[in-house]
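Engineer:
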Amino acid sequence: MQTALTVLVLAMVFSSSSHAADFAVKQRYSGVFEVRDFDQFITNDDTPMRRRTIDIKSVEAKLDIEINPKSKFELELEVEHGGAGTAMEYEQDEFGEFESEIEKGGEVELEEAYYLRRLTESTDLVIGLAPVYMGFSAIQRKPLMYSAAHAGHLEARMIPEDWTEPGVQVRQRWGDITVRAGIVAGLNSEFFRTYSWVGGGKQRQFETMNFDEPAMIASVEYGNVAHGHGMALAYYNGGSQKQRYKRNRLAKQADVQLFNAMMNWRLWRLALKAEAIYGELENADEVSKRNNNLPGMAGAGGFNNVGSRAMLQSVQLDYDVIDSTSLFLRWGYVNTFYGVTGNVFADPRYDVRQNGWGIAHRWDDICAVKLEWYREWTKLAGMPDTTTYALQFAFDTGSF
Amino acid sequence: MKLSSLVLAATAVFSLHANAGPNASVISHVANNVILKTYTDLAQATSDLHSKTLELAAQPTQENLDGAQQAWRAARVPWESSEAFLFGPVSALAIDPTLDTWPLNKRDLDAVLGSGRSLTVDFVRGLGVNLQGFHTVEYLLFGNGETSNTKKVSELNGRQLEYLMATTALLAEHAGALAHAWTTNADPDKPGMPGFITFISAPGPRNPYYNSEQSVLLELGHGMIAIVDEVGNGKIADPFGGDIGSANASLVESPFSWNSLTDFTNNIRSALNVYTGDYGTTSGPGLREVVRRSNPALAAQIEQRLHQAMQKIQDIGGPEKMDFRQAIFNPAARVRIEAAMADLAELKTLLERRMIPILDNQD
Chain A
55 MQTALTVLVL
65 AMVFSSSSHA
75 ADFAVKQRYS
85 GVFEVRDFDQ
95 FITNDDTPMR
105 RRTIDIKSVE
115 AKLDIEINPK
125 SKFELELEVE
135 HGGAGTAMEY
145 EQDEFGEFES
155 EIEKGGEVEL
165 EEAYYLRRLT
175 ESTDLVIGLA
185 PVYMGFSAIQ
195 RKPLMYSAAH
205 AGHLEARMIP
215 EDWTEPGVQV
225 RQRWGDITVR
235 AGIVAGLNSE
245 FFRTYSWVGG
255 GKQRQFETMN
265 FDEPAMIASV
275 EYGNVAHGHG
285 MALAYYNGGS
295 QKQRYKRNRL
305 AKQADVQLFN
315 AMMNWRLWRL
325 ALKAEAIYGE
335 LENADEVSKR
345 NNNLPGMAGA
355 GGFNNVGSRA
365 MLQSVQLDYD
375 VIDSTSLFLR
385 WGYVNTFYGV
395 TGNVFADPRY
405 DVRQNGWGIA
415 HRWDDICAVK
425 LEWYREWTKL
435 AGMPDTTTYA
445 LQFAFDTGSF
Chain B
6 MKLSSLVLAA
16 TAVFSLHANA
26 GPNASVISHV
36 ANNVILKTYT
46 DLAQATSDLH
56 SKTLELAAQP
66 TQENLDGAQQ
76 AWRAARVPWE
86 SSEAFLFGPV
96 SALAIDPTLD
106 TWPLNKRDLD
116 AVLGSGRSLT
126 VDFVRGLGVN
136 LQGFHTVEYL
146 LFGNGETSNT
156 KKVSELNGRQ
166 LEYLMATTAL
176 LAEHAGALAH
186 AWTTNADPDK
196 PGMPGFITFI
206 SAPGPRNPYY
216 NSEQSVLLEL
226 GHGMIAIVDE
236 VGNGKIADPF
246 GGDIGSANAS
256 LVESPFSWNS
266 LTDFTNNIRS
276 ALNVYTGDYG
286 TTSGPGLREV
296 VRRSNPALAA
306 QIEQRLHQAM
316 QKIQDIGGPE
326 KMDFRQAIFN
336 PAARVRIEAA
346 MADLAELKTL
356 LERRMIPILD
366 NQD
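Each protein sequence line maps, in turn, to chains A and B. Counted from 1, the first sequence has number 93 at position 39 by the working numbering; the numbering is strictly sequential. Counted from 1, the second sequence has number 65 at position 60 by the working numbering; the numbering is strictly sequential.
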């Protein structure tokens, strides 16, 4: 926490003296404050408790340092939950299960830190910690880029949310088409969990990340999906076996493959945002078995079972009532036990549908208020539906 | 040959140091005659439970169901009597959750039983720990515990029996692994490593876990405090709720067999065993001897308070002999529960403020 704040302060001091260094420095600040009202269950008790939370979900500072016409450095720091500094958080999710999550360095995270080199007019080389082009939460990284309470509501049940990885990426533009490819740090299968499939595998538990099995990422984008006029296909392929800290516990390959199709298109007052993610995990039954008895921080707490295939689909339709206000409807589905192998049980609890609606109103170019309601239900017999309201204030000072 | 030489060498190195300390006999006795004995008893009792479920599956009679229920209660005794020393392999090898996760996830268990999957040991091993262990076995053997803790054998179906056989086999396997980790090899990832008993009973500068007798004594002392705290402030306080309207039976441990008060009593007994060094037919020394050297009156007071706490827990049932899941909804019993919680809180404070400083002062 202290280290991160020091970096932030230094960065701001650096930006204020940018003229002396002849660097053009742009600053951008964004954040989300939220009140949430939701159902929570205790295991084996079907009567939900209605709970309400208030949360400074995130405050982010981003610097864009133009070193020269050919290169720049981008740095983004995020303080989550008001910088509470907790090293461990305890969650009881809406299904009455619980998980404990240990955050590296409390709740302050270096979200992005990369050097961008313009190799040609249309080719960029990115070195460092940069977004992985996979899912809306990774590409719509600022809250005014989307009208709902989350950019990709169910993505965190399947893949890393707001996904960034260290590595090297290349971007090539041909007119409206952008092709990306890169080599990044792979996922660690020790942290694959029933409730987030391969999502927990993003390495953030220790000071260094294992790079024994780099992952390959690639995407093709037409237009600009993040800003509402584009469509894209993305692919991820990486091993997760050798990424484990206790490598000897898993003797079989555990490659992860993800396929993602996204569309975000605005026409007159209507906007359609949709995506599908399909994923495969090699030897998922062996991963489940070997994660069953991991000690200490890596302990799965009973959430070691993972499917061999997972599927997510979502559609959102927006209508701008007036220029500053839009209504939206959305439908979502995720099943992280879409396929199973060996002794793994396809738990219907994780076959989830989530539908809702909401309204987003922009006060000005910087601030917005969002109100969203959604209902969620699972295929587990007898499990009651849950409903959630989220009221958000979101701000974002600019774009670059 | 190589492995045994390593074990002998490690034992010799550690032993040289342990014998030099004034508390060596306490540590050795508690480690060997309380902790290790409890774990070997647990391994035997869970193995017996598995045998009884095999008999039940082969011949589903009421007599065999009663026998399996008795075996379950018998196996609970060493497990609950081990909770004052939840350190070492039980924690490092993540064995605790595989044995005793609660609450069990009934809804998911129903989904598994309703599926077409073959309920083998390997299949159940892959399920979440809240679908394994003592409380899953308890639910299948005793029923839902809402109005009764007895079950007719006619209520058991083939799938439940299949699941029982698999999950009790796993329970015995995990308990056996725990005993093995103490006696023979503390970490399966390091085959040359000796059993944990070697480390805890021979503290010294070259010991990777315990560099002094003081560190072992504090581990034992804090283990006692942890279980007193968990019983009073977790196992009892959570289901008890803020008032009778917020009492929650789904949070009660061992709610199906109505064995909760016996469990809690054995939890405090585990602290008593470490303190006195008494276990079964074996007598001390335990931490009491360490305290007694500094303050004989305090040594007696702590022992008396441990017995008193056990009695207060037993008193919760009252003249009706109700178990904890009924008691939290009974106004008179709630008064007794509050008395037990207050007593446990006082005991915890006594251990923290009076016993720990004495242990901390040992060389």
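Idealized CB from N, CA, C, for every residue including glycine. Quick caveat: nothing in here was measured; it's all calculated off a predicted structure.
Examine the Cβ distances between the segment 42-61 of chain B and the segment 73-84 of chain B and report whether three or more of them are shorter than 8 Å.
Structural biologist: Flag = yes, the segment 42-61 of chain B and the segment 73-84 of chain B touch.
Engineer: Am I right that methionine 198 of chain B and alanine 207 of chain B are in contact with their C-beta atoms under 8 Å? What's the rounded C-beta distance?
Structural biologist: That pair is no contact at about 14 Å.
Engineer: Give me, in chain order, the residues of the same chain whose beta-carbon lies closer than 7 Å to that of glycine 138 of chain B; leave out the 5 immediate sequence neighbours on both sides.
Structural biologist: Counting only Cβ-Cβ distances below 7 Å, and skipping sequence neighbours, we find Thr103, Leu104, Asp105, Thr106 and Leu176.
Engineer: For a cutoff of 8 Å on Cβ pairs, would you count lysine 256 of chain A as touching chain B?
Structural biologist: Chain B contact via Cβ: absent.
Engineer: As a quick exercise: from B/Ile205, B/Leu356 and B/Asp243, pick the residue whose alpha carbon is nearest that of leucine 277 of chain B.
Structural biologist: Minimum Cα distance to leucine 277 of chain B is reached at B/Leu356.
Engineer: Below 8 Å on the Cβ atoms is my contact criterion, and I expect glutamate 114 of chain A with glutamate 130 of chain A to pass it. Report the Cβ-Cβ distance as a whole number of Å.
Structural biologist: That pair is a contact at about 6 Å.
Engineer: Taking Cβ to Cβ, would you say alanine 202 of chain A is nearer than 8 Å to glycine 436 of chain A?
Structural biologist: No. Outside cutoff.
Engineer: For chain A, is any of its Cβ atoms less than 8 Å away from the one on alanine 99 of chain B?
Structural biologist: Yes - at least one Cβ of chain A is within 8 Å of the one on alanine 99 of chain B.
Engineer: For a quick check, are the C-beta atoms of leucine 169 of chain B and leucine 145 of chain B less than 8 Å apart?
Structural biologist: In contact: leucine 169 of chain B and leucine 145 of chain B (Cβ atoms closer than 8 Å).
Engineer: Assuming glutamine 67 of chain B contacts glutamine 219 of chain B (C-beta within less than 8 Å), just tell me the rounded distance between them.
Structural biologist: Actually they do not touch by this definition, with Cβ atoms about 54 Å apart.
Engineer: Cutting at 6 Å between CB atoms, please list the residues of its own chain near glycine 206 of chain A, excluding the five before and the five after it.
Structural biologist: Cβ neighbours of glycine 206 of chain A beyond the five flanking positions: Gly189, Phe190 and Ser191.
Engineer: Can you pull the DSSP bridge partners for lysine 424 of chain A?
Structural biologist: DSSP lists A/Ala414 and A/Gln446 as partners of lysine 424 of chain A.
Engineer: Put proline 199 of chain B into one of helix, strand or coil per three-state DSSP.
Structural biologist: If DSSP states are grouped into helix, strand and coil, proline 199 of chain B belongs with coil.
Engineer: Suppose the cutoff is 8 Å on Cβ atoms and the five residues either side in sequence are ignored; what does the same chain contact list for cysteine 421 of chain A look like?
Structural biologist: Correct list, in chain order: Phe447, Ala448 and Phe449.
Engineer: Taking Cβ-Cβ distances below 8 Å as the criterion, which residues of the segment 102-130 of chain B are in contact with chain A?
Structural biologist: Under the 8 Å Cβ criterion, the segment 102-130 of chain B contributes Pro102, Thr103, Thr106, Pro108, Leu109, Asn110, Lys111, Arg112, Asp113, Asp115, Ala116, Val117, Gly119, Ser120, Arg122, Thr125, Asp127, Phe128 and Arg130.
Engineer: Go to tyrosine 280 of chain B, then tell me how far its alpha helix (DSSP H) extends in each direction, as first and last residue.
Structural biologist: Looking at the DSSP string, the run of the alpha helix (DSSP H) that includes tyrosine 280 of chain B is 265-281.
Engineer: Whose Cβ in chain A lies nearer than 7 Å to the Cβ of leucine 132 of chain B?
Structural biologist: Residues of chain A passing the Cβ test: Asn359 and Phe399.
Engineer: Taking C-beta pairs closer than 8 Å, name the residues in chain B that alanine 115 of chain A reaches, listed in chain order.
Structural biologist: Within chain B, no residue comes near alanine 115 of chain A; the closest Cβ sits about 39 Å away, beyond 8 Å.
Engineer: Restricting to runs no shorter than 4 residues, where is the alpha helix (DSSP H) found entirely within the segment 203-259 of chain B?
Structural biologist: The segment 203-259 of chain B contains these whole alpha helix (DSSP H) runs: 218-235 and 242-245.
Engineer: Could you pull the DSSP bridge partners for lysine 196 of chain A from this structure?
Structural biologist: Answer by DSSP bridge pairing: none, since lysine 196 of chain A is not bridged.
Engineer: Verify whether the separation of the beta carbon atoms of aspartate 216 of chain A and glycine 277 of chain A is less than 8 Å.
Structural biologist: No, they are not a contact pair.
Engineer: Taking the C-alpha atoms as reference points, what is the distance between glutamate 143 of chain A and alanine 352 of chain A?
Structural biologist: Low confidence applies here, because glutamate 143 of chain A scores a pLDDT of 42, under 50, leaving its location unreliable; read the following figure in that light. Each residue's alpha carbon lies about 15 Å from the other.
Engineer: Kindly indicate which three-state DSSP category threonine 140 of chain A falls into: helix, strand or coil?
Structural biologist: Note that threonine 140 of chain A has pLDDT 48, beneath the 50 cutoff, so the model's placement of it is unreliable and no number is given.
Engineer: Closer than 7 Å by C-beta to alanine 315 of chain A: which residues in its own chain qualify, once you throw out the five before and the five after it? Chain order, please.
Structural biologist: Contacts found: Leu287, Glu329 and Ala330.
Engineer: In chain order, what residues of the same chain have a beta carbon less than 6 Å from the beta carbon of leucine 114 of chain B, not counting five sequence neighbours either side?
Structural biologist: Here the set comprises Leu136.
Engineer: Grab the span of the beta strand (DSSP E) containing tryptophan 385 of chain A for me, first residue to last.
Structural biologist: It spans 379-393 - the beta strand (DSSP E) in which tryptophan 385 of chain A sits, taken as one unbroken run.
Engineer: Considering Cα atoms alone, identify which of A/Phe313, A/Asn337, A/Leu371 and A/Leu312 is closest to tryptophan 322 of chain A.
Structural biologist: That would be A/Leu371, whose Cα lies nearest to the Cα of tryptophan 322 of chain A.
Engineer: By Cβ distance below 6 Å, which residues in the same chain neighbour glutamine 311 of chain A in space, the five residues on each side in sequence not counted?
Structural biologist: Excluding positions up to five away in sequence, the list reads Asn291 and Glu334.
Engineer: Can you round the beta-carbon distance between alanine 36 of chain B and lysine 57 of chain B to whole angstroms, since I take them to be within the 8 Å contact cut?
Structural biologist: Alanine 36 of chain B to lysine 57 of chain B, Cβ: 31 Å. No contact.
Engineer: Whole angstroms is fine: what's the gap from alanine 338 of chain B's alpha carbon to isoleucine 273 of chain B's?
Structural biologist: Those two C-alpha atoms are separated by around 20 Å.
Engineer: Sort out for me which residues DSSP pairs leucine 208 of chain A with in a bridge.
Structural biologist: Answer by DSSP bridge pairing: none, since leucine 208 of chain A is not bridged.
Engineer: Using a beta-carbon distance cut-off of less than 8 Å, what residues from the segment 425-437 of chain A approach chain B?
Structural biologist: Cβ contacts with chain B come from Leu434, Ala435, Gly436 and Met437.
Engineer: Work out the CA separation of glutamate 143 of chain B and serine 87 of chain B for me, nearest whole Å.
Structural biologist: So the alpha carbons of these two residues sit roughly 19 Å apart.
Engineer: At a Cβ threshold of 8 Å, is tyrosine 144 of chain A touching chain B?
Structural biologist: Note that tyrosine 144 of chain A scores a pLDDT of 39, beneath 50, so its modelled location is shaky; the value from the coordinates is reported in the next line. Taking Cβ atoms only, chain B never reaches closer than 8 Å to tyrosine 144 of chain A, which makes this a no.
Engineer: Give the range of the beta strand (DSSP E) segment to which tryptophan 319 of chain A is assigned.
Structural biologist: Unbroken beta strand (DSSP E) run through tryptophan 319 of chain A: 310-321.
Engineer: For the beta strand (DSSP E) containing proline 220 of chain A, list its first residue and its last residue.
Structural biologist: Run containing proline 220 of chain A: 218-228, per the beta strand (DSSP E) assignment.
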